[in-house]
Amino acid sequence: MRGTRLIAGPYFFMEDSARRFLDLFSGSQGAHGQTDVLGRQRNGKQQAKYEIVREPLSVDHVQDHLDGRLGVGSIPIDETNKCQFGALDIDDYNLDLPLLLAKVKRFKLPLVLCRSKSGGAHLFLFMSERIAASEMRDRLAEFAAALGWGNCEIFPKQEELLAERGDVGNFINLPYQNAKYTTRYALKKNGDSMSLEEFLAAAEKARITAKQLANISLGGDNEILPDGPPCLQQLTEFGTPEGGRNMTLINIGVYYKQAAPNDWKELLEKHNQDYCNPPLPAREVVIVQEQLEKKEYFYTCKSEPLHSHCNKSLCRSRKFGVGDANSHVPVGGLTVVESEPPVWFVDVDGARLELSTKQLQMQVEFQRACMEQMYKMPARMKESDWRDLVDNLLSDATRISVPEELTQKGLFTELLENFCTSRIQAHSPEELLTGKPWTEDG
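According to my numbering, numbering within the sequence shown proceeds without interruption in unit steps and concludes at 450.
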């Protein structure tokens with residue numbers, strides 16, 4: 009059994025700290041992640057190789073992570089499709105971290121903000137008990153939309169694993185790598201960095217129960233714009249950023265045309281007066297009404313400020329939401345099992361999909377796989393957009409290596425060796441005709 013370990017100097021990272029750290033980030037009991045940073049791309053994002061190691065994340069791994077000898081990640085979802093922690097991954101290296109922290113405090117969210125290795129943010133939610141991964145994802149999606157980062161990555165990336173097919177999920181890199189000199193630190197209320205011990209204390213204090221999580225209210229309780237898009241409810245209740253009033257009002261007009269087709273003009277004018285601060289001038293409201301009257305408009309989900317407050321899965325369930333017809337489902341979290349041939353796993357709107365190389369490459373084959381495994385038919389996108397999507401997935405793919413003895417070559421070699429060594433040997437090549445194995449060594 010290992011004794012307590014100390015590092016000389018003002019930083020003392022004892023094994024007790026490693027155990028507390030591991031307890032916070034407890035996830036998969038069968039695998040963890042390791043990251044090898046290769047460099048930095050032109051857009052500022054770090055280029056890295058992501059690999060799954062099929063053994064539990066241990067105190068030793070965490071100690072090496074904190075000491076700077078290793079960089080590890082934890083897979084939040086376990087083998088029972090439950091999780092004890094989750095995270096929002098905001099991948100923007102120009103992110104204003106103090107401003108984001110202020111938003112977290114404004115909404116009174118139980119999130120611990122850590123700077124990520126790329127300069128973005130990981131917002132961790134720590135639980136005192138394990139909850140269903142689907143519940144964790146739903147609540148984190150609401151938090152992300154409220155914070156204005158509705159399209160950031162959510163961990164766990166899936167609600168269920170295909171464990172029987174070799175799937176283990178996706179890992180998130182952990183903070184405080186090389187803790188003495190780390191750039192992956194948590195932030196205090198004043199924006200200063202926390203020490204490792206301060207982070208552990210803050211994270212343990214931030215833990216909540218499943219009941220507390222369910223009781224968190226973010227407004228947008230469906231009383232404003234009933235059964236409408238959550239983004240419009242958020243923007244109405246908490247205010248539209250400067251420069252976004254016209255676009256927001258156009259989309260609110262789209263909502264009212266569906267919800268109240270006979271009174272939509274009057275309701276749009278009233279909405280402008282009641283909720284826009286300051287209200288748009290009457291002539292601009294008339295222009296919006298004329299635009300909506302001339303042709304059929306749809307929600308402009310990819311336009312700001314709607315895009316940043318998007319909660320697509322919830323919106324699709326709303327009577328006057330985006331619906332499923334023309335909505336592209338989110339695809340991410342690519343994992344490849346490096347077998348022969350390779351097997352690919354990808355997250356599709358929170359579900360896990362198993363694909364062949366052909367099904368990943370060709371969009372029509374991907375749609376067929378969704379129909380067969382998920383009973384869904386995602387909308388088709390432009391082929392150039394599909395190629396870009398797959399290329400981006402491949403660049404960040406997590407790899408699961410396969411022992412050589414389990415590859416086709418390894419299995420064949422084992423069968424051949426067994427055939428040659430477990431039967432009566434031939435003493436000359438001529439005896440091959442009798443079915444006996446013969447080797448040059450005899």
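Idealized CB from N, CA, C, for every residue including glycine.
query	result
Bridge partners - Trp352, DSSP secondary structure assignment	Val344 and Leu363
Whole alpha helix (DSSP H) elements within the region 171 to 247, 4-residue minimum	204 to 214, 218 to 222 and 238 to 246
Three-state secondary structure (DSSP) of Lys278	helix
Burial state of Arg147, where buried means 16 or more other Cβ atoms lie within 10 Å	buried
Three-way DSSP call (helix, strand, coil) for Leu368 in this model	helix
Beta-carbon proximity list for Leu342, same chain, < 6 Å, skipping 5 on both sides	Val354, Leu401 and Ala405
Sequence-distant residues of its chain with Cβ nearer than 8 Å to Lys113 (five each side left out)	Lys197
Nearest-angstrom Cβ-Cβ length linking Ser311 and Trp157, presumed shorter than 8 Å	The pair is not a contact, with the Cβ atoms about 16 Å apart (cut-off 8 Å).
Three-state secondary structure (DSSP) of Glu292	helix
Buried versus exposed, by CB contacts within 10 Å (16 or more), Ser136	exposed
Among Glu362, Ala387 and Pro445, the one whose alpha carbon lies nearest that of Leu170	Glu362
Beta-carbon proximity list for His336, same chain, < 8 Å, skipping 5 on both sides	Pro386, Ala387 and Met389
Assigned secondary structure, Ile408 (DSSP; H/G/I helix, E/B strand, else coil)	strand
Exposure of Phe93, with buried meaning 16 or more beta-carbon neighbours within 10 Å	buried
Touch test, the region 246 to 263 against the region 290 to 302, Cβ-Cβ under 8 Å, three pairs minimum	yes
Ala153 versus Leu182, Ser66, Asn270 and Ile98, residue with shortest Cα-Cα distance	Ile98
Buried/exposed call for Glu231, threshold 16 Cβ in 10 Å	exposed
As assigned by DSSP and simplified to three states, the class of Tyr283	helix
Length of the line joining the Cα atoms of Val330 and Lys302	21 Å
Local conformation of Tyr307 per DSSP, three classes	coil
Cα-Cα separation between Tyr184 and Gln375, rounded to whole angstroms	41 Å
Whole-angstrom distance between Gly177 and Glu348, CA atom to CA atom	20 Å
Nearest to Ser82 (by Cα), restricted to the options Leu96, His73, Gly127 and Leu182	Leu182
Status (buried if at least 16 other CB within 10 Å, exposed otherwise) for Met202	buried
Same chain, Cβ closer than 7 Å to Glu150, five either side skipped, listed in chain order	Leu226 and Asn319
Start-to-end residues for the beta strand (DSSP E) that takes in Cys122	Leu119 to Arg123
Contact under 8 Å by Cβ, Leu121 with Ala129	yes
Ordered list of alpha helix (DSSP H) runs contained in the region 19 to 43, each at least 4 residues	23 to 32
Within 8 Å, strictly: CB atoms of Phe179 and Gly41	yes
Alpha-carbon spacing of Lys327 relative to Pro238, whole angstroms	12 Å
7 Å CB neighbourhood of Gln266 in its chain, flanking five on each side removed	Phe328
Residues near Phe427 by beta carbon distance below 7 Å, same chain, minus five either side	Pro445
Local conformation of Glu59 per DSSP, three classes	strand
Spatially closest choice to Tyr283 from Leu65, Trp352, Glu161 and Pro249, by CA coordinates	Pro249
Gly199 burial status per 10 Å Cβ neighbour count (16 or more: buried)	exposed
Euclidean distance between Cα positions of Glu438 and Glu346	41 Å
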